[in-house]
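*Asks:* I'd like to ask some things about the structure below.
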Amino acid sequence: MKITNVIARFLLGLIFLTFGLNGFLHFLPASLPSGTAGQFVGALFVSHYLVVVFLLQLVAAVLLVINRYVPLALALLAPV
């Protein structure tokens with residue numbers, strides 16, 4: 084059971100690390116949605132709210148991968 088927890092924690096950390104870095108480096112192509120959803124995402128981008136979200140993803144992912152403060156990392160990822 085312990086090995087399952089380690090694998091799940093590591094995979095979750097890698098997923099959030101990948102998408103957190105993508106928020107800053109844009110290595111995965113994505114297009115804005117159309118209509119009001121696109122306006123909403125544009126407003127989040129202009130207000131720099133997404134920078135905070137991506138930064139929290141990166142910090143929590145690093146904590147998960149290095150196995151430090153795992154409960155704090157999971158609490159940071161809960162609203163994301």
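Residue numbers for the sequence shown follow the numbering used here, so the first one is 84 and each next one is one higher. C-beta: ideal position from N, C-alpha, C; glycine also.
With 16 other CB atoms within 10 Å as the buried threshold, where does Gln122 fall?
*Replies:* Within the sequence shown, residue 122 is the residue found at index 39, counting from 1. Answer is exposed; the Cβ neighbour count stays below 16.
*Asks:* Excluding five sequence neighbours on each side, which residues of the same chain lie with their C-beta closer than 7 Å to the C-beta of Val163?
*Replies:* By 1-based counting over the sequence shown, the position of residue 163 is 80. Closer than 7 Å at Cβ, skipping near neighbours: Val136, Leu139, Gln140.
*Asks:* Taking the C-alpha atoms as reference points, what is the distance between Val89 and Ala120?
*Replies:* Within the sequence shown, the letter at position 6 stands for residue 89. Within the sequence shown, the letter at position 37 stands for residue 120. Using only the alpha carbons, I get a separation of about 37 Å.
*Asks:* What does a CB cutoff of less than 8 Å around Val153 pick up in its chain, not counting 5 residues either side in sequence?
*Replies:* Against the sequence shown, residue 153 aligns to sequence position 70. Taken in chain order, the residues that qualify are Arg92, Leu146, Leu147.
*Asks:* Quick check: Ala96 and Ala161, are their CB atoms within less than 8 Å of each other?
*Replies:* In the sequence shown, the residue the question calls residue 96 occupies position 13. In the sequence shown, the residue the question calls residue 161 occupies position 78. One detail in the question is off: residue 96 reads as Gly in this sequence, not Ala. Cβ atoms of Gly96 and Ala161: not closer than 8 Å.
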